[in-house]
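Numbers 1 to 64, taken from the numbering used here, label the letters of the sequence shown in order. Note that the Cβ used here is the ideal one computed from N, Cα and C, for glycine as well.
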Amino acid sequence: MSIRLEASWKAHLQPLLEGEAMQSLRAFLVEQAKAGKTIYPPAAKIFAALDATPFDQVKVVILG
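Listed below in structure tokens is the structure:
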């Protein structure tokens, strides 16, 4: 699973994306997909909002 991110976001998030927690999450999602589970959003759109806007132009990020 490849993660597309705008360069400024990638610079800020790279340590987290390479960390053990993300590796574990990635493995879990791959396992679930292989088991036929539907995962939302589709892998290509997981970080779509961050890919669309550079880090320095973001004022607020709402997660939910």
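With fewer than 16 other CB atoms across the displayed protein chains lying within 10 angstroms of its CB, leucine 63 is exposed. Within a 10 Å sphere around the beta-carbon of leucine 25 sit fewer than 16 other beta-carbons, which makes this residue exposed. Around the beta-carbon of leucine 50, 16 or more other beta-carbon atoms lie within 10 Å, marking it buried. With contacts defined by Cβ atoms closer than 7 Å, leucine 16 and phenylalanine 47 do not form a contacting pair. Beyond the five residues adjoining it in sequence on each side, methionine 22 comes within less than 8 Å, by CB distance, of Leu16 in the same chain, given in chain order.
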